[in-house]
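Visitor:
Protein chains: 2
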Amino acid sequence: MFLGEYEHSLDEKGRLAIPSRFREELGEGVVITRGFDRCLMGFPVARWQVLADQISNLPLGQGDARNMRRLLFSGASDLALDRQGRVLIPQNLREYAGLSEQVVIAGLNTHFEIWSSERWEDVLNGLDANGSAIAEQLTALGI
Amino acid sequence: MFLGEYEHSLDEKGRLAIPSRFREELGEGVVITRGFDRCLMGFPVARWQVLADQISNLPLGQGDARNMRRLLFSGASDLALDRQGRVLIPQNLREYAGLSEQVVIAGLNTHFEIWSSERWEDVLNGLDANGSAIAEQLTALGI
DNA sequence: GGGAAAGTGGGTGAAAGTGGGGAATACACC
DNA sequence: GGTGTATTCCCCACTTTCACCCACTTTCCC
Chain A
22 MFLGEYEHSL DEKGRLAIPS RFREELGEGV VITRGFDRCL MGFPVARWQV LADQISNLPL
82 GQGDARNMRR LLFSGASDLA LDRQGRVLIP QNLREYAGLS EQVVIAGLNT HFEIWSSERW
142 EDVLNGLDAN GSAIAEQLTA LGI
Chain B
22 MFLGEYEHSL DEKGRLAIPS RFREELGEGV VITRGFDRCL MGFPVARWQV LADQISNLPL
82 GQGDARNMRR LLFSGASDLA LDRQGRVLIP QNLREYAGLS EQVVIAGLNT HFEIWSSERW
142 EDVLNGLDAN GSAIAEQLTA LGI
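Listed in order, the protein sequences are those of chains A and B. Quick note: the first sequence, position 35, residue 56 per this note's numbering, numbers continuous. Quick note: the second sequence, position 28, residue 49 per this note's numbering, numbers continuous.
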């Protein structure tokens with residue numbers, strides 16, 4: 022269960038410390054890939070494999086499915102944490118998500134996302150504006 | 022069953038004592054999330070997981086649904102109680118709910134809410150003002 | 001009134017987050 | 001083939017934060 026919002030810094034070498042709460046659930050490795058809306062996604066290896074299988078089984082005929090595969094697989098890399106619990110984010114992924122020094126790591130229950138601080142601010146601000154829509158969706162779930 | 026209204030204080034370290042009546046029902050852990058109207062919500066872990074699964078099953082394709090998940094899960098936190106029955110409220114949640122020293126914890130049967138004392142006052146006053154409207158809604162429900 | 005439990009405050013050692021040095025490897029270039 | 005640069009993966013070290021423990025005061029209940 023990945024929960025919470027963490028503001029960490031990307032050092033000069035491009036390393037990012039994974040929140041300690043996440044490390045246990047990740048075990049040895051983590052798969053980082055491109056996500057939607059110019060963020061990166063991180064998965065435990067086991068979950069990634071399930072997801073990868075599902076995507077691979079989508080019909081080749083659908084354009085959306087093809088693009089989904091391009092997004093997910095071409096950017097994916099299986100990374101190990103160093104003794105300090107950090108991973109080296111590949112440069113192409115850093116560029117994709119526009120990561121600079123300040124980075125936000127956000128838990129999303131089954132996986133987590135990595136954002137540049139500025140973009141993350143925008144996401145949160147955009148949500149405030151749509152607060153009522155969220156309330157409605159939650160009500161539909163019986164909360 | 023979470024019932025009652027408790028006024029507790031948030032200490033300098035951001036810790037909040039959970040009312041002892043609630044502790045048994047929470048067991049070891051509690052999940053605190055952003056709630057509506059700038060309060061925080063607290064759930065027993067088991068109940069939270071039911072909600073989390075429902076939300077996680079929303080379609081990934083919709084931008085709104087993605088953003089809703091980001092708001093909910095990034096604003097959630099799985100916390101353990103210390104031996105004194107307290108939890109450390111993460112700073113981003115403290116800010117969201119505007120918590121200062123005086124805090125109100127209100128039972129809502131299935132979960133509980135955490136308010137800054139000032140805001141809680143406003144809520145109660147609002148109830149006075151809108152009492153009749155609320156009564157009408159209850160009547161509509163056959164209560 | 002006495003005892004237990006709840007709420008509050010604070011100290012301390014461990015762990016998290018951060019920065020950087022240096023060896024090993026890969027790569028391009030001369 | 002040799003050299004120089006860049007990258008990556010190890011360490012180690014520092015600062016800050018947090019989790020844990022202990023102690024005090026107040027409240028509640030018998």
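We put the CB at the ideal spot given by N, CA and C, even for glycine.
Determine, for residue 80 (chain B), whether the minimum Cβ-Cβ distance to residues of chain A falls below 9 Å.
Guide: By this cut-off, residue 80 (chain B) is not an interface position.
Visitor: Can you tell me which of the three DSSP states residue 17 (chain B) falls into?
Guide: Coverage of chain B is limited to positions 22 through 164, which leaves residue 17 (chain B) absent and any answer about it impossible.
Visitor: What's the gap between the Cα of residue 43 (chain B) and the Cα of residue 96 (chain A)?
Guide: When rounded, the distance between both Cα atoms is 46 Å.
Visitor: For residue 51 (chain B), I'd like the list of residues in its chain whose CB is within less than 6 Å of its CB, leaving aside the five on either flank, ordered along the chain.
Guide: 63, 100, listed in sequence order.
Visitor: Between residue 143 (chain B) and chain A, is there a C-beta pair that is closer than 9 Å?
Guide: By this cut-off, residue 143 (chain B) is not an interface position.
Visitor: Report the partner residues of residue 53 (chain B) according to the DSSP bridge assignment.
Guide: Answer is B:63, B:98, bridged to residue 53 (chain B).
Visitor: For residue 109 (chain B), write down the residues that DSSP places opposite it in a beta bridge.
Guide: Residue 109 (chain B) is bridged to B:36.
Visitor: Between the region 119-132 of chain B and the region 23-37 of chain B, are three or more C-beta pairs nearer than 8 Å?
Guide: With a cut-off of 8 Å, the region 23-37 of chain B and the region 119-132 of chain B count as touching, because enough Cβ pairs lie within range.
Visitor: Which residues in the same chain have their Cβ closer than 7 Å to the Cβ of residue 106 (chain B), if we skip the five residues on either side of it in sequence?
Guide: For residue 106 (chain B), where only same-chain residues beyond five positions count, the Cβ hits under 7 Å are 38, 39, 41, 44.
Visitor: In terms of residue numbering, what span does the beta strand (DSSP E) encompassing residue 134 (chain A) cover?
Guide: Taken as a continuous stretch (DSSP letters only), the beta strand (DSSP E) holding residue 134 (chain A) covers 133-137.
Visitor: Does chain B have any CB closer than 9 Å to the CB of residue 37 (chain A)?
Guide: Closer than 9 Å: no.
Visitor: Which chain A residues sit within Cβ distance under 7 Å of residue 166 (chain B)?
Guide: Outside the shown range of chain B (22 to 164) lies residue 166 (chain B), about which nothing can therefore be said.
Visitor: In chain order, what residues of the region 109-139 of chain A put their CB closer than 8 Å to some CB of chain B?
Guide: Under the 8 Å Cβ criterion, the region 109-139 of chain A contributes 127, 128, 129, 130, 131, 134.
Visitor: If we count the other Cβ atoms within 10 Å of its Cβ and call it buried at 16 or more, is residue 135 (chain A) buried or exposed?
Guide: Buried is the call here.
Visitor: For a contact meaning CB atoms closer than 7 Å, what does residue 154 (chain B) contact in chain A?
Guide: Residues of chain A passing the Cβ test: none, with the nearest at roughly 18 Å.
Visitor: Examine chain B for any beta-carbon lying closer than 9 Å to the beta-carbon of residue 42 (chain A), and answer yes or no.
Guide: Chain B, which has a Cβ nearer than 9 Å to the Cβ of residue 42 (chain A), makes this yes.
Visitor: Quick check on DSSP: helix, strand or coil for residue 146 (chain B)?
Guide: It is helical.
Visitor: If you drop the 5 nearest sequence neighbours on each side, which residues of the same chain put their C-beta closer than 8 Å to that of residue 130 (chain B)?
Guide: 22, 23, 24.
Visitor: Would you say residue 147 (chain A) lies against chain B (beta-carbon separation less than 9 Å)?
Guide: So, interface residue.
Visitor: Roughly how many whole angstroms lie between the Cα atoms of residue 46 (chain B) and residue 67 (chain B)?
Guide: Distance between the alpha carbons of residue 46 (chain B) and residue 67 (chain B): 11 Å.
Visitor: Tell me which residue opens and which closes the alpha helix (DSSP H) that residue 46 (chain A) is part of.
Guide: Taken as a continuous stretch (DSSP letters only), the alpha helix (DSSP H) holding residue 46 (chain A) covers 41-47.
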